[in-house]
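A.B. asks:
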Amino acid sequence: MKNTCCDNRIRSLLKNIHAPQVVGIQPANSFRDMVQMPDGEIRHYGFKNKKIIYIASRDCGLSWQEFPVPKGCPGACVQSPWSGDWISMLDVHGYADEFFLDADALGLKRGFRIYRSSNGIDGKFTNTLVSEQNHGTVRMPMPLRSRKRWVVPCQYRQKDGKHDLVVFYSDDDGKSWKRVVLGTVPEHEAIPPHLGVRWQNHGIEPSIVELSNGRLWIIIRTSLDNHYQAFSDDGGETWTNPEPSRFYATITMPTFFRMNDGRIILFWCNTTPLPELDHDKQPELNEWERQGLGEDFFTNRDAFHAAISDDEGRTWSGFREVLLNERRNDSDFRTSGGNSDCVDKSVHQSQAFELPEGKVLVSVGQHSKCRRLIIFDPAWLYEKERKDDFHLGLGDWCTFNFVKSIAGNFKGISGHCAYNRRPGAQLMPDPDGESREVLQIARHPDPRLVHEQQGAVWNFPVGKAGEVRVSLRLVKGGQGIRICLMDRFFNPFNSIAHDYAQYSVEIDGTGRVKGTRIVLKKDVWHELVIKWTDSFKKEAKLSFGKKGPMISAPLIFPSGNGISYLHMMSIADSADFSGVLVRSVEAKVNSR
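Using this note's numbering, read the sequence shown as starting at 16 and increasing by one per residue.
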């Protein structure tokens with residue numbers, strides 16, 4: 016069917032979008048509720064006042080209107096390429112896993128069912144029971160290109176709280192289904208730097224992409240430092256044992272998306288949380304939370320990333336922040352917006368569609384305060400440079416600190432597995448009197464904070480080789496700074512981030528550069544240049560200014576993905592109101 020929602024005016028507007036642009040707020044948490052209609056209309060289903068609604072766009076996602084949904088409609092569906100029917104798999108056991116609303120009020124049947132309509136997405140639906148068991152995070156059915164088969168990845172929760180990773184497949188256009196259980200993912204262990212275990216996710220929220228040769232690649236949420244992955248060469252009937260992937264992430268959802276030209280985009284949170292605390296010293300936790308059946312604090316859900324591959328996943332470009340949580344600095348993070356919409360507040364979870372002019376629309380996040388609809392051009396992921404001099408503020412930075420808060424899941428009081436926050440590193444007037452602001456990274460005593468040291472985190476396009484420049488100023492009375500190049504996001508104040516850095520430079524309060532004879536003068540600007548040629552095997556070279564000596568910086572933590580983060584943090588061991596000033600940063604990469 017011809018796209019009737021994209022005239023020349025809309026195409027012109029889409030052509031002007033390059034970097035990610037927020038275009039709306041969806042009515043449900045992201046991962047399965049967005050639909051692209053044959054005529055180009057886009058819908059995103061969700062809830063309002065305990066009723067199913069959807070918002071629709073007839074201008075390629077640039078604007079949205081709200082519409083009601085008839086009772087008994089399962090919401091988002093996908094159209095069969097073989098029969099033209101609209102189908103959806105939905106698990107409803109008393110309270111719908113996806114919606115937290117009463118199934119009877121929605122006019123839906125209990126159980127794990129396949130819904131089907133031969134009369135369009137708004138038509139009357141029939142349903143068939145697939146399983147009496149409760150399956151969670153059920154993705155939209157995916158039609159394979161290499162054979163007439165549907166596949167649906169999800170998970171099954173056992174009575175002991177553990178999960179089985181599951182793939183359903185159907186060879187009769189969704190009329191009947193077979194269930195395959197994949198191998199297990201290892202549990203997280205309380206070994207240093209961790210004093211307790213993470214919430215044990217035994218392989219959940221999987222996403223599948225079909226490669227050009229018909230092979231299926233599944234990527235899996237885990238409690239470990241990496242997403243796990245497995246492969247199937249028979250259309251999903253059998254799978255390799257799950258193994259670590261190259262993609263760092265912890266207790267967050269990954270999403271594969273294949274573009275029409277065959278390129279693959281991975282959406283995920285390229286982040287590592289803070290080390291786990293000693294749960295026996297957190298009295299507000301329940302026993303099941305202490306044992307790993309629940310979370311105490313989510314500390315790595317404020318940055319959402321994308322990477323792109325044009326060679327079937329062998330190499331990747333990008334590793335860029337598509338969205339930073341707009342609430343990341345809020346002192347009332349736990350309570351803002353209430354809990355009726357969602358108890359989580361994050362920018363993890365996603366779903367994507369391709370738009371005309373090669374643009375991508377992605378639905379991201381949890382809770383109306385945080386989730387967003389975004390359009391961007393995949394060409395943005397191939398950029399090789401980025402710089403910032405703070406003339407637009409700190410919109411591209413994470414500088415927050417965590418405030419001590421109640422640990423654990425929602426217990427009838429405000430908040431769920433989250434810290435409140437407060438701004439950390441701040442902009443201040445340039446000390447030279449110029450009409451500009453610079454970033455101060457210091458340490459302000461505050462017993463309310465989890466960590467007092469301030470820090471700043473900045474993302475740039477990934478590179479296995481490249482250079483980063485930092486214009487910095489040591490202030491009299493300041494106690495120094497540590498500057499790290501990283502392959503993923505660590506919180507600004509994470510005191511062990513340097514152990515996972517590829518390269519690190521430490522400057523103490525006297526101006527001495529650790530491991531060298533270099534002593535930097537106070538109250539003048541210095542340009543630090545760090546150059547690297549192989550983030551997996553080789554040391555880096557660094558210098559201060561054009562005439563400064565070139566010295567070596569050893570490779571600390573090898574990275575096959577390349578470097579995509581600048582992490583700067585105060586090393587003050589007591590109050591430091593002077594800190595270190597940063598005037599500008601710049602990154603250039605020349606390989607992926």
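For every residue, glycine included, the Cβ atom is placed at its ideal position computed from N, Cα and C. Predicted, not measured: the structure shown is a model, and the values here were computed from it.
1. Hey, out of Arg335, Ser574, Ser558 and Thr152, whose CA is closest to Ser567's CA?
2. In whole angstroms, what separates the C-alpha of Gly55 from that of Ile323?
3. Quick check on DSSP: helix, strand or coil for Asp106?
4. Can you give me the C-alpha to C-alpha distance between Arg160 and Val166, rounded to a whole angstrom?
5. Span of the beta strand (DSSP E) holding Ile234?
6. If you draw a straight line from the alpha carbon of Ala34 to that of Asn301, how long is it in whole angstroms?
7. So what does Met584 bridge to, in DSSP terms?
8. Taking contact to mean 3 or more Cβ pairs, one atom from each stretch, closer than 8 Å, check whether the segment 359 to 375 and the segment 447 to 463 are in contact.
9. Taking Lys426 as the reference, which of Val358, Ala245 and Asp175 has the closest Cα?
10. In the DSSP assignment, what residue or residues form a beta bridge with Gly126?
11. Report yes if the CB atom of Ala321 is closer than 9 Å to the CB atom of Gly307, and no otherwise.
12. In three-state DSSP terms, what is Ala34?
13. Hey, would you say Thr286 sits closer than 9 Å to Thr267, going by beta carbons?
14. Leaving aside the five residues before and after Gln297 along the sequence, list all residues of the same chain whose C-beta is less than 7 Å from its C-beta, in chain order.
15. Given this structure, state the Cα-to-Cα distance separating Arg484 from Asp445, to the nearest angstrom.
16. If you follow the beta strand (DSSP E) that Leu180 is in, where does it begin and where does it stop?
17. In three-state terms, what does DSSP make of Ala433?
18. At what residues does the beta strand (DSSP E) containing Ser72 begin and finish?
19. Determine whether the beta carbon atoms of Asn315 and Leu289 lie at a separation below 9 Å.
20. How many Å lie between Asn23 and Gly39 at the Cα?
21. If I'm right that Phe551 touches Lys479 with Cβ under 8 Å, what's the distance once you round it to whole angstroms?
22. Can the beta-carbon of Ala394 be found less than 9 Å from the beta-carbon of Gly439?
23. Of the choices Ile511, Cys385, Phe417 and Trp412, whose alpha-carbon is the least far from that of Asn44?
24. Determine whether the beta carbon atoms of Trp283 and Phe313 lie at a separation below 9 Å.
25. So what does DSSP say about Pro10, is it helix, strand or coil?
26. Just to confirm my understanding: we take Glu220, look at its own chain, exclude 5 residues before and 5 after, and list those with CB closer than 6 Å. What are they?
27. If you draw a straight line from the C-alpha of Asp112 to the C-alpha of Ile280, how long is it?
28. Quick one: any contact between the segment 224 to 234 and the segment 201 to 214, if contact means 3 or more CB pairs under 8 Å?
29. Under the three-state reduction of DSSP, which class applies to Gln306: helix, strand or coil?
30. What is the C-beta distance between Ile70 and Gln80, in whole angstroms, given that I count them as a contact (C-beta under 8 Å)?
31. Quick check: the Cα distance between Leu396 and Glu147, rounded to an integer number of angstroms?
32. Taking only the alpha-carbon atoms, compute the straight-line gap between Phe140 and Pro53 and give it to the nearest angstrom.
33. Spell out the partners DSSP gives Leu454 in its beta bridges.
34. Near Ser78, which residues of its chain fall below 7 Å by C-beta distance, leaving aside the five closest residues on each side in sequence?
35. I need the DSSP call for Arg154, collapsed to helix, strand or coil.
36. Curious, which full-length beta strand (DSSP E) runs of at least 3 residues does the segment 258 to 303 contain?
C.D. replies: Taking the geometry as given:
1. In the sequence shown, counting from the first residue as 1, residue 567 sits at position 552. With distances taken between Cα atoms, Ser567 lies closest to Ser558.
2. Reading the sequence shown from its first residue, position 40 is the one you call residue 55. Reading the sequence shown from its first residue, position 308 is the one you call residue 323. Straight through space, the alpha carbons of Ile323 and Gly55 are spaced by roughly 24 Å.
3. The residue given as residue 106 occupies position 91 in the sequence shown. It is a strand residue.
4. Your numbering for residue 160 matches position 145 in the sequence shown. Your numbering for residue 166 matches position 151 in the sequence shown. Note on geometry: alpha-carbon atoms of Arg160 and Val166 lie some 11 Å from one another.
5. Here residue 234 corresponds to residue number 219 of the sequence shown, with the count starting at 1. Ile234: member of the beta strand (DSSP E) spanning Leu231 to Arg236, first to last residue.
6. As a position in the sequence shown, residue 34 is number 19, starting the count at 1. As a position in the sequence shown, residue 301 is number 286, starting the count at 1. One Cα belongs to Ala34, the other to Asn301, and the distance between them is close to 44 Å.
7. On the sequence shown, residue 584 is found 569 positions in, with the first residue counted as 1. Beta-bridge pairing links Met584 to Gly470 and Arg497.
8. The segment 359 to 375 and the segment 447 to 463 do not touch, with fewer than 3 CB-CB distances between them shorter than 8 Å.
9. Taking the sequence shown and counting its residues from 1, one reaches residue 426 at position 411. Nearest C-alpha to Lys426: Val358.
10. Within the sequence shown, the letter at position 111 stands for residue 126. In the DSSP output, where bridge partners are listed per residue, Gly126 has Val107.
11. Residue numbering aside, residue 321 sits at position 306 when the sequence shown is read from its first letter. Residue numbering aside, residue 307 sits at position 292 when the sequence shown is read from its first letter. No, the Cβ-Cβ distance between Ala321 and Gly307 is not below 9 Å.
12. Here residue 34 refers to the residue found at position 19 of the sequence shown. Here Ala34 sits in coil by DSSP.
13. Here residue 286 is taken as the residue at index 271 of the sequence shown, counted from 1. Here residue 267 is taken as the residue at index 252 of the sequence shown, counted from 1. In this structure, the beta-carbon distance from Thr286 to Thr267 falls below 9 Å.
14. As a working mapping, residue 297 is identified with position 282 in the sequence shown. Apart from sequence neighbours up to five positions away, the residues of its chain that approach Gln297 with a beta-carbon distance below 7 Å are Asp311 and Ala422, ordered along the chain.
15. In the sequence shown, residue 484 corresponds to position 469, counting from 1. In the sequence shown, residue 445 corresponds to position 430, counting from 1. Spanning the two alpha carbons is a distance of roughly 19 Å.
16. Position 165 of the sequence shown, counted from the start, is the residue given in the question as residue 180. DSSP places Leu180 inside the beta strand (DSSP E), whose first and last residues are His178 to Ser185.
17. As a working mapping, residue 433 is identified with position 418 in the sequence shown. Here Ala433 sits in coil by DSSP.
18. What you label residue 72 is simply residue 57 of the sequence shown in a count that begins at 1. Annotation: the continuous beta strand (DSSP E) that includes Ser72 extends over Lys66 to Ser72.
19. Here residue 315 is taken as the residue at index 300 of the sequence shown, counted from 1. Here residue 289 is taken as the residue at index 274 of the sequence shown, counted from 1. Leu289 is positioned such that its CB atom lies closer than 9 Å to that of Asn315.
20. In the sequence shown, counting from the first residue as 1, residue 23 sits at position 8. In the sequence shown, counting from the first residue as 1, residue 39 sits at position 24. When rounded, the distance between both Cα atoms is 22 Å.
21. If you number the sequence shown from 1, residue 551 lands on position 536. If you number the sequence shown from 1, residue 479 lands on position 464. Rounded to the nearest angstrom, the Cβ distance from Phe551 to Lys479 is 7 Å, consistent with a contact under 8 Å.
22. Within the sequence shown, residue 394 is the residue found at index 379, counting from 1. Within the sequence shown, residue 439 is the residue found at index 424, counting from 1. Not in contact: Ala394 and Gly439 (Cβ atoms no closer than 9 Å).
23. Position 29 of the sequence shown, counted from the first residue, corresponds to residue 44. Ranking the options by Cα distance to Asn44, first place goes to Cys385.
24. Numbered from its first residue, the sequence shown carries residue 283 at position 268. Numbered from its first residue, the sequence shown carries residue 313 at position 298. Taking 9 Å as the Cβ cut-off, Trp283 and Phe313 do not qualify as a contacting pair.
25. This structure does not reach residue 10, given that the chain is present from 16 up to 607, and the question cannot be answered.
26. Residue 220 sits at position 205 when you count from the first residue of the sequence shown. Contacts found: Thr152, Arg236 and Met268.
27. The sequence position of residue 112 within the sequence shown is 97, counting from 1. The sequence position of residue 280 within the sequence shown is 265, counting from 1. Low per-residue confidence applies at Asp112: pLDDT is 44, beneath 50, and the placement is therefore not dependable enough to give any value.
28. Contact check between the segment 224 to 234 and the segment 201 to 214: fewer than three CB pairs, one atom from each, fall below 8 Å, which does not count as touching.
29. Taking the first residue of the sequence shown as position 1, residue 306 is located at position 291. Taken through DSSP and simplified to helix, strand or coil, Gln306 comes out as helix.
30. On the sequence shown, position 55 is the one that residue 70 refers to. On the sequence shown, position 65 is the one that residue 80 refers to. Contact between Ile70 and Gln80 is confirmed by a C-beta separation of about 7 Å, below the 8 Å threshold.
31. Sequence index remark: in the sequence shown, residue 396 carries index 381 (1-based). Sequence index remark: in the sequence shown, residue 147 carries index 132 (1-based). Leu396 and Glu147: Cα-Cα distance of roughly 43 Å.
32. Start at 1 with the first residue of the sequence shown, and residue 140 comes out as number 125. Start at 1 with the first residue of the sequence shown, and residue 53 comes out as number 38. One C-alpha to the other measures close to 19 Å.
33. As a first step, residue 454 is located in the sequence shown; it is residue number 439 there, counting from the start. Paired residue(s): Leu442 and Val597.
34. For the purposes of this step, residue 78 is identified with residue 63 of the sequence shown, where counting begins at 1. Excluding the 5 residues flanking it on each side, Ser78 has same chain C-beta neighbours closer than 7 Å at Ser72, in chain order.
35. As a working mapping, residue 154 is identified with position 139 in the sequence shown. If DSSP states are grouped into helix, strand and coil, Arg154 belongs with coil.
36. You should have 258 to 263, 270 to 273 and 279 to 283.
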